[in-house]
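Participant: Have a look at the structure that comes next, please.
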Amino acid sequence: MTDASTDRVNRFRVGAASRGLPSEEVEEWIRVARPAVYVAEGGDGPLVARVGGDPMLPHGTPQPSDPFVASVDLAAIPSGATDLPLPSDGHLLLFSSTDVQGIDGQVSDAVLYVPAGTPTTPSPLEHSWRVPYRPRELRTAWHQPSAQMPESFALDRWGEFPEDEQFELADELADAWADVGGYRPSWALQIGGHPVSPQNDPVHCARGPEEAAPSAPGGTAHGEDADDWALLATWWCGDDVTELDSGVAHWVIRRRDLADRRFDRVHRYVEMA
């Protein structure tokens with residue numbers, strides 16, 4: 634954890650205590666926070682990601698089913714900036730439609746990993762129903778802890794049916810976190826961390842009910858494999874997608890599949906506010 638992140642966590646403890654929030658729940662909120670990278674336009678730093686335009690695909694790669702969203706330079710993601718077992722170099726290519734009525738769940742070609750040194754070529758995708766997303770370079774990056782959404786925290790902490798008071802406590806924890814600067818900065822692409830979503834938590838959706846187990850008192854509501862699911866990336870569509878109101882696309886994967894480079898097992902979710 635960086636010095637800035639440690640300072641934020643310490644100020645959160647103080648702020649939460651001043652609100653009279655239970656220290657046990659404050660520590661649980663901190664424990665489940667995950668490091669994330671947020672990338673935006675502007676700045677003169679190294680190119681972390683490129684959004685829109687045509688993808689650089691290896692020779693002979695079948696055309697992905699959906700439009701190209703972004704290419705992330707994994708060598709530009711510092712070690713420890715996320716807790717994901719990401720490759721140390723190469724590029725991660727993300728693809729998504731903007732159809733909220735389309736496929737939610739596993740999409741075998743929603744993510745493509747291109748190892749460093751692989752010959753590639755610009756590859757216009759033959760999606761006659763959409764022009765490529767607006768090309769942008771993302772050179773500004775933040776590294777900071779990513780807290781759970783309050784409802785997700787409550788469900789994981791207290792089981793499938795939290796009491797109203799427990800949902801309210803989760804909201805109060807989120808407010809205390811935001812008050813000390815624990816909010817997410819303005820960004821276009823998020824790598825790792827917890828999702829921020831206008832409707833449903835995509836990690837919970839990927840888990841499914843068979844992997845969520847009621848928590849023991851004071852425990853967490855995770856089944857055996859629940860913690861294996863993680864957010865890989867989120868794209869805030871913004872003005873790039875006029876047909877969606879505050880649209881987002883999420884890519885979710887099991888950690889063990891990520892470690893094994895099984896990107897064909899990624900789940901993707903598209904939603905709007």
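Position in the sequence shown counted from 1, then plus 633, gives you the working numbering. Glycine is no exception: its CB is placed at the ideal position from the N, C-alpha and C atoms. Remember, it's a predicted structure, so these values are computed and weren't measured experimentally.
1. Just to confirm, is the Cβ distance from Arg894 to Ala863 under 8 Å?
2. Give me whichever residues DSSP pairs with Met689 in a beta bridge.
3. Under 8 Å, with one C-beta from each stretch per pair, do the region 651–659 and the region 800–819 reach the 3-pair mark?
4. Could you tell me the alpha carbon to alpha carbon distance between Met782 and Val829, rounded to whole angstroms?
5. What does a CB cutoff of less than 7 Å around Pro765 pick up in its chain, not counting 5 residues either side in sequence?
6. Under the three-state reduction of DSSP, which class applies to Leu771: helix, strand or coil?
7. Tell me, which residues are paired with Gly738 by DSSP?
8. Report back the beta-carbon spacing between Ala839 and Val874 to the nearest angstrom; my notes put them in contact at under 8 Å.
9. Who are the near neighbours of Pro576 in its chain, counting only those whose CB is closer than 8 Å to its CB and skipping five residues on each side?
10. Among Trp868, Glu661, Val659, Val740, which one has its Cα closest to the Cα of Val899?
11. Can you tell me whether Gly825 is buried or exposed? The criterion is at least 16 other CB atoms within 10 Å of its CB, across all chains shown.
12. Where do the ends of the alpha helix (DSSP H) carrying Val744 lie?
13. For Ala666, which of Arg641, Ala682, Leu680 has the nearest alpha-carbon?
14. So if DSSP puts His776 in a beta bridge, which residue, or which two residues, is it bridged to?
15. Checking 8 Å against the spacing of the C-beta atoms, do Val670 and His827 come in under that value?
16. Restricting to Cα atoms, I'd like to know which of Gly738, Asp716, Asp732, Ser638 is closest to Asp834.
17. For a test of the three-state rule: what should DSSP assign to Leu719, helix, strand or coil?
18. When the distance is taken between beta carbons, is Ala673 closer than 8 Å to Ala605?
19. Starting from Ser704, trace the beta strand (DSSP E) in both directions and tell me its first and last residue.
20. Rounded to whole angstroms, what is the Cα-Cα separation between Gly723 and Ser756?
21. Are Gly871 and Thr731 touching if we call contact CB-CB under 8 Å?
Facilitator: Taking the definition as stated:
1. Counted from its first residue, the sequence shown places residue 894 at position 261. Counted from its first residue, the sequence shown places residue 863 at position 230. No, the pair does not count as a contact, with Cβ atoms beyond the cut-off.
2. Counting from 1 along the sequence shown, the entry for residue 689 is found at position 56. For Met689, which the question treats as bridged, DSSP gives the partners Pro755.
3. Yes: at least three Cβ pairs fall under 8 Å.
4. For the purposes of this step, residue 782 is taken as the residue at position 149 of the sequence shown. For the purposes of this step, residue 829 is taken as the residue at position 196 of the sequence shown. Each residue's Cα considered, the two are about 7 Å apart.
5. As a working mapping, residue 765 is identified with position 132 in the sequence shown. So the list reads Gly685, Gly686, Asp687, Pro700, Phe701, once near-sequence residues are dropped.
6. Reading the sequence shown from its first residue, position 138 is the one you call residue 771. Note: Leu771 maps to strand in three-state DSSP.
7. Taking the first residue of the sequence shown as position 1, residue 738 is located at position 105. DSSP output for Gly738 lists Arg901 as bridge partner(s).
8. As a first step, residue 839 is located in the sequence shown; it is residue number 206 there, counting from the start. As a first step, residue 874 is located in the sequence shown; it is residue number 241 there, counting from the start. Not really, about 22 Å apart at Cβ, beyond 8 Å.
9. A question about residue 576 goes unanswered here, because the residues of the chain that appear run from 634 up to 906.
10. By 1-based counting over the sequence shown, the position of residue 899 is 266. Closest by alpha carbon: Val740.
11. Residue numbering aside, residue 825 sits at position 192 when the sequence shown is read from its first letter. Gly825 counts as buried, since no fewer than 16 other beta carbons sit within 10 angstroms of its beta carbon.
12. Translated into positions along the sequence shown, residue 744 becomes position 111. Counting along the chain, Val744 falls outside any alpha helix (DSSP H), though it belongs to the beta strand (DSSP E) covering 744–747.
13. Numbered from 1 along the sequence shown, position 33 holds the residue referred to as residue 666. For Ala666, the closest C-alpha among the options Arg641, Ala682, Leu680 is that of Arg641.
14. Counting from 1 along the sequence shown, the entry for residue 776 is found at position 143. Val670, per the DSSP bridge assignment.
15. Counted from its first residue, the sequence shown places residue 670 at position 37. Counted from its first residue, the sequence shown places residue 827 at position 194. It is not a contact, given that the beta carbons lie outside the stated cut-off.
16. In the sequence shown, residue 834 corresponds to position 201, counting from 1. Shortest Cα-Cα distance from Asp834 to any of Gly738, Asp716, Asp732, Ser638 involves Gly738.
17. Start at 1 with the first residue of the sequence shown, and residue 719 comes out as number 86. Leu719 falls in the coil class under three-state DSSP.
18. No answer is possible for residue 605: the residues shown for the chain start at 634 and end at 906.
19. Locating residue 704 in the sequence shown gives position 71, counting from the first residue. Run containing Ser704: 701–706, per the beta strand (DSSP E) assignment.
20. As a working note, residue 723 is residue 90 in the sequence shown. As a working note, residue 756 is residue 123 in the sequence shown. Rounded to the nearest angstrom, the two C-alpha atoms are 18 Å apart.
21. For this step, residue 871 is matched to residue 238 along the sequence shown. For this step, residue 731 is matched to residue 98 along the sequence shown. For the pair Gly871 and Thr731, the CB atoms are not nearer than the 8 Å cut-off.
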